[in-house]
Amino acid sequence: MFKLLFAGGPGDTEQFPRTGADVRSRDADRWARLLRPAAKDRGVLLPPNQFESQFVSAAYTEDDIDRTLEAYKHALA
Numbered sequence: 001m002f003k004l005l006f007a008g009g010p011g012d013t014e015q016f017p018r019t020g021a022d023v024r025s026r027d028a029d030r031w032a033r034l035l036r037p038a039a040k041d042r043g044v045l046l047p048p049n050q051f052e053s054q055f056v057s058a059a060y061t062e063d064d065i066d067r068t069l070e071a072y073k074h075a076l077a
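Quick note on this note's numbering: the sequence shown kicks off at 1 and runs consecutively.
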């Protein structure tokens, strides 16, 4: 299980979120506006918002994982 959270912006030096309020203060719009659509363009469906966890399972093939990582790289470039 993992979760990707966006911080404020370039140069943001905040520490990792430690409380629910820290998590809620992250930039949720960036997920919906940039990351999710870019990953979908590469055939990878992500949760509707950054507050939902993502899971890795033994059911995924190495190709599935590689495709997902490439989609993240494309989306975050």
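Ideal placement from N, C-alpha and C gives every residue a C-beta, glycine not left out.
Count the other CB atoms within 10 Å of the CB of residue i; is the residue buried (16 or more) or exposed (fewer)?
i, result
"L45", "exposed"
"T61", "exposed"
"A21", "exposed"
"Q50", "buried"
"R36", "buried"
"A71", "buried"
"T19", "exposed"
So if DSSP puts residue i in a beta bridge, which residue, or which two residues, is it bridged to?
i, result
"F113", "This structure gives no information on residue 113, because the portion of the chain shown stretches from 1 to 77."
Grouping DSSP H, G and I as helix and E and B as strand, with all else coil, what is residue i?
i, result
"G43", "coil"
"T61", "coil"
"P37", "helix"
"T19", "coil"
"A77", "coil"
Below 8 Å on the Cβ atoms is my guess for residue i versus residue j; work out the distance and round it to an integer in Å.
i, j, result
"A75", "A38", "3 Å"
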